[in-house]
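Chemist: Here you go, one structure.
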Amino acid sequence: LGAYSDKIVKEIPQILFDVGLDAADELKSVGGFKNRTGKYRRSWDVKQEEHRTYVETIVHAKTPEYRLTHLLEFGHATANGGRTKAFPHIRTVNDKAVEDAEKKIVRMIQEIRIL
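Take a look at the structure:
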């Protein structure tokens, strides 16, 4: 059982990082909004933090474009009293990344052969 769990613990961070890279690439290509300079799309990056009991993979927009994520995702009030159109793009990519990670981890666990 020790070898089985060690193999799983070693492979999960790599799977999560790969899924995070795919999510960042997808966020660079989706949107539906005008991106005049392209800085927002290029700002998506992945970082991974390994803690004692879990691994955290974070897909984030680097500074200063992180301020735009909430405004684009949900829309916002304008100076003349109106509202801007929302462009939901983060939630869909996040949901897809979670499903992909689950499928890849389950497949990896099923394929482990310990002799």
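Using the numbering used here, the first residue of the sequence shown is number 3, and each one after it goes up by one.
Ideal placement from N, C-alpha and C gives every residue a C-beta, glycine not left out.
1. Do the segment 53-61 and the segment 71-80 touch if we need at least three Cβ pairs shorter than 8 Å?
2. My parser needs the alpha helix (DSSP H) runs of 4 or more residues fully inside the segment 25-103; what are they?
3. Among Val32, Lys41, Leu18, Asn96, which one has its Cα closest to the Cα of Glu52?
4. Looking at C-beta atoms only, is the number of pairs between the segment 3-10 and the segment 21-37 that lie closer than 8 Å three or more?
5. What is the DSSP secondary structure of Ile107, counted as helix, strand or coil?
6. Can you grab the Cα-Cα spacing for the pair Asp102 / Arg38, in whole Å?
7. Taking 6 Å as the limit between beta carbons, can you name the residues of its chain near Lys106, skipping five residues before and five after?
Modeler: A quick look at the data gives this:
1. no
2. 41-44, 68-76
3. Leu18
4. no
5. helix
6. 31 Å
7. Ile17
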